[in-house]
Amino acid sequence: MPEAPEEIHSSFDRWDQRPALGRRGLVVMIGVVVVIAAVAFGVVSLVSRGTETQATAIKVPTSDWIPGQPGGSETIRGALAIDSRRCTYLRADDGSELWPVWPAGYYARIDDAGRVSLYDGGDRLVARDGESVQASGSYATAAAFAGQTCLPPDGDVAVVESEVSRLG
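If you're matching positions, the sequence shown starts at 1 in UniProt numbering and goes up one per residue.
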């Protein structure tokens with residue numbers, strides 16, 4: 001009887017083993033992960049519906065001033081408000097409207113109830129509708145900011161040149 005050829009043993013035994021997960025198992029695993037992700041996204045979207053997180057971002061008039069630069073020393077104070085054109089302004093203690101030009105990066109959001117929230121360039125909440133704020137800066141003619149949204153056609157605007165702090 002002829003002698004059986006000697007089996008060749010690889011020095012890389014662990015590489016010659018069958019994979020722990022076959023093709024069918026891999027497909028099932030990927031399918032399960034996709035279904036779980038779809039369900040999770042569905043739950044998140046269902047839960048977030050109708051919450052105050054659904055807000056519309058609006059532009060506010062801004063200048064080139066950024067924190068750390070020198071600025072004016074005039075006090076700018078009032079309660080944050082929004083008009084019918086969706087423009088933000090400050091209502092002064094005497095009831096007058098003060099039209100601010102905010103530092104670079106500022107923006108506002110309006111929620112479904114029409115309330116406005118003001119955010120700084122770092123996406124931090126500065127103030128909400130009706131809250132009083134104070135800053136320092138200078139006053140300039142509205143013409144100096146021609147082309148900016150929500151400024152009066154004439155008169156002065158308050159150019160905010162400091163950090164804005166919430167009062168009360």
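Idealized CB from N, CA, C, for every residue including glycine.
Please read all numbers here as calculations on a predicted model, not as lab measurements.
What does residue i pair with, by DSSP beta-bridge criteria?
i	result
residue 97	91
residue 109	57 and 117
residue 166	133
In the DSSP assignment, find the unbroken beta strand (DSSP E) run with residue i in it and report its ends.
i	result
residue 138	132-141
residue 18	Careful: residue 18 lies outside any beta strand (DSSP E) and carries neither H nor E.
residue 128	125-128
residue 77	74-82
residue 158	156-160
Please classify residue i as buried or exposed, where buried requires at least 16 neighbouring CB atoms within 10 angstroms.
i	result
residue 28	exposed
residue 135	buried
residue 158	buried
residue 143	exposed
Name the residue from the options whose alpha carbon lies nearest to the alpha carbon of residue i.
i	options	result
residue 58	160, 114 and 163	114
residue 72	168, 138, 97 and 164	138
At least three beta-carbon pairs within less than 8 angstroms, the stretch 81-97 to the stretch 141-151: yes
Meets three-Cβ-pair contact criterion under 8 angstroms: the stretch 95-107 and the stretch 56-66: yes
Segment contact, 8 angstroms Cβ cut-off, at least three pairs: the stretch 121-132 with the stretch 33-48: no
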